[in-house]
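Structure, as structure tokens:
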Amino acid sequence: MHILVTAGGTSERIDSVRVISNISTGRLGSMIADHFARVEKVLRVSFIASKRSCLPKANNKICQYWGDTHQEVERLLEDILKRDPPDVIIHSMAISDYHVKSLFSLETLSQGMAQWLHSLSTTPSAQEIESYIQAQSTVDTSRKISSRIKHPLLLLAPNGKILQRLRDLAPNAVIVGFKLAHSKTSDELLDIAYRLLQDNRCDFVVANHVDEVTESAHKAYLLHSSKKYCIWSSKEEIACGIVKEVLDFNNREGKQPS
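So, in structure tokens, the structure goes:
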């Protein structure tokens, strides 16, 4: 069997030295890779992670790949899925939802926008405002931005959802997505996870509540497309449980390992 695991968190560049990132450590993903590598019938584990991610223990079954941005991770996935289609994809990486489209000074923007709005006879649309703002981006982001810009403003644009593409790229793989959410109840969290599962054609989704993930504890639900689920309360339990449930599911489905 070939297992593909993504872990850690991506970053998006602001300028040559600054980035927008998230707090994902990749610890759970690295543990999942460790546990899969211990399984006899698993022949190889492809591990895609950011450079600051926790790493699995050294094992000749594990091949590591580095991707720090949404674009880098997407290209790596496309290459691996085409070259060596996996039997299982564990997509635990926290992918940036946005990238920096442009950057400008608040002072410069406000002066120009006041004149522009005054010249209009009708209220501008959101698209017209975005186009105007984009045209005012005069800050060079290929180098370090000067700290003399007192109020820099960032215009963010959405990244594509990698999870949405996985089923088309790997039609026969067992796909496990991850969802970290704010929710009032466990039922609400499971509803959110099930929508993600359906929308992205996953076999499983690991659902976590933001307030239930800490250094010392980690409560998670593994939700199957049948709406059955497991609950675990530590990263070790989650990693072991995911491996067991995925392998059992793969056996029940009678899929032939690559």
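Take the sequence shown: its letter number 87 is residue 353 in the working numbering, and every next letter is one higher.
Each residue gets a CB set at the ideal place from its N, CA and C atoms; glycine is no exception.
In this text, all values refer to a predicted model and were calculated from it rather than measured experimentally.
Would you identify the three-state DSSP class for residue i, choosing helix, strand or coil?
| i | result |
| --- | --- |
| residue 413 | coil |
| residue 397 | helix |
| residue 450 | coil |
| residue 461 | helix |
| residue 310 | strand |
| residue 293 | helix |
| residue 325 | coil |
| residue 425 | coil |
| residue 483 | coil |
| residue 288 | coil |
| residue 298 | helix |
Could you spell out where the beta strand (DSSP E) holding residue i opens and where it closes?
| i | result |
| --- | --- |
| residue 374 | Note, residue 374: premise wrong, no beta strand (DSSP E); alpha helix (DSSP H) at 372-385. |
| residue 512 | Note, residue 512: premise wrong, no beta strand (DSSP E); alpha helix (DSSP H) at 501-519. |
| residue 445 | 440-447 |
| residue 489 | 486-490 |
| residue 473 | 470-475 |
| residue 496 | 495-498 |
| residue 283 | Looking at the DSSP string, residue 283 is not in any beta strand (DSSP E), and its letter there is neither H nor E. |
| residue 273 | 268-273 |
| residue 229 | Nothing about residue 229 can be read from this structure; the chain reaches only from 267 to 524. |
| residue 361 | No beta strand (DSSP E) contains residue 361, which DSSP labels as neither H nor E. |
Can you list, in chain order, the residues of its chain whose CB lies under 6 Å from that of residue i, leaving out five sequence neighbours each side?
| i | result |
| --- | --- |
| residue 303 | 311, 325, 327 and 328 |
| residue 271 | 295, 298, 299, 313 and 356 |
| residue 249 | Residue coverage of the chain in this structure runs from 267 to 524, which leaves residue 249 outside it and unanswerable. |
| residue 375 | 402 |
Quick check: the Cα distance between residue i and residue j, rounded to an integer number of angstroms?
| i | j | result |
| --- | --- | --- |
| residue 279 | residue 339 | 14 Å |
| residue 432 | residue 515 | 18 Å |
| residue 502 | residue 381 | 59 Å |
| residue 429 | residue 451 | 25 Å |
| residue 295 | residue 284 | 26 Å |
| residue 343 | residue 385 | 48 Å |
| residue 421 | residue 383 | 19 Å |
| residue 321 | residue 457 | 32 Å |
| residue 462 | residue 444 | 9 Å |
| residue 447 | residue 476 | 6 Å |
| residue 480 | residue 474 | 11 Å |
| residue 349 | residue 309 | 16 Å |
| residue 307 | residue 323 | 18 Å |
| residue 517 | residue 507 | 15 Å |
| residue 364 | residue 478 | 25 Å |
Could you pull out every residue in the same chain whose Cβ sits closer than 8 Å to the Cβ of residue i, ignoring the five residues on either side in sequence?
| i | result |
| --- | --- |
| residue 388 | none |
| residue 513 | 305 |
| residue 460 | 471, 489 and 493 |
| residue 351 | 268, 436, 438, 439 and 524 |
| residue 509 | 298, 301, 302 and 305 |
| residue 411 | 280, 281, 284, 369, 405 and 418 |
| residue 331 | 312, 313, 314, 315, 342 and 346 |
| residue 500 | 483 and 484 |
Could you please give the first and the last residue of the uninterrupted alpha helix (DSSP H) stretch that includes residue i?
| i | result |
| --- | --- |
| residue 343 | 336-349 |
| residue 428 | 428-435 |
Leaving out five residues on either side along the sequence, give the residues of the same chain with a beta carbon under 7 Å from the beta carbon of residue i.
| i | result |
| --- | --- |
| residue 378 | 402 |
| residue 491 | 463 and 469 |
| residue 486 | 472, 473, 474, 498 and 504 |
| residue 449 | 455, 458 and 475 |
| residue 495 | 456, 487, 488 and 489 |
Is it the case that the stretch 308-321 contacts the stretch 391-411, given that we only count it when at least three CB pairs across the two stretches are under 8 Å? no
Using 8 Å as the Cβ pair cut-off and three pairs as the minimum, do the stretch 462-474 and the stretch 433-451 touch? yes
Counting Cβ pairs closer than 8 Å, one from the stretch 357-371 and one from the stretch 399-411, do we hit at least three? yes
Using 8 Å as the cut-off, can you tell me whether the stretch 351-365 makes contact with the stretch 290-299, which would need three or more C-beta pairs spanning the two stretches below that distance? yes
Spell out a yes or no on whether the stretch 397-404 and the stretch 267-279 are touching, meaning 3 or more CB-CB pairs, one atom from each, closer than 8 Å. no
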